[in-house]
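One structure is given below, encoded as structure tokens.
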Amino acid sequence: MRARDISQGLSLKILDLGCGNGYVASRIAELGHSVTGVDVSTDGIDTARASYHLGSVYDDDLIFKIGGPADCVVSLEVVEHMFFPKRLFEQSSSVLVKGRALIVSTPYHGYLKNLALSLTNGWDAHFSGHWDGGHIKFF
């Protein structure tokens, strides 16, 4: 994806992997882009109710579920929840038009956060396994 594509108002095909309830995807669509969201959460997909699909980056047929290649893949605050984060990058590479963009975000787990956890005696609660879901990997 080139900045020129966006600045010239070209409509891009965007894939939002881990779209949740579709909030980010809907905001991108408001800019005039074609957006497809994919998420494993049936609750999120039911809330989104647009061009969203129940699915996962672990699905081998993902490119067919989304109707072909994408100009951009967006995956915000998803990779830290994955047992196999490498799969996010493999799937993105397989669905992206050559030379286009992948945008990934994840919480920063660096010095200041570690210091705050230490000062508040929060390490045990932060890394506790006493709940389902949550962060599996820390970057």
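Mind the numbering: the sequence shown is residues 31 to 169 in the numbering used here, read in order. Ideal Cβ placement from N, Cα and C applies to all residues, glycine included. Keep in mind the model is a prediction, meaning the values are calculated, not measured.
Under the 8 Å Cβ criterion, the stretch 144-159 does not count as touching the stretch 68-77, having fewer than three qualifying pairs. Taking the Cα of F169 as reference, the smallest distance to any Cα among V65, G163, V109 is reached at V109. For L145, the number of other beta carbons within 10 angstroms of its own is below 16, and it is reported as exposed. If you look at I166, you'll find it isn't in any alpha helix (DSSP H); DSSP assigns it neither H nor E. Assignment of G74 by DSSP, reduced to helix, strand and coil, places it in the helix class.
The shortest CA-to-CA distance from G48 to any of K128, V54, V68 is the one to V68. Of the candidates T136, G62, L118, the residue whose Cα lies closest to the Cα of V103 is L118. Using a 10 angstroms sphere on the CB of G62, the tally of other CB atoms stays under 16, which defines it as exposed. If you look at Y82, you'll find it in the beta strand (DSSP E) that goes 82-84.
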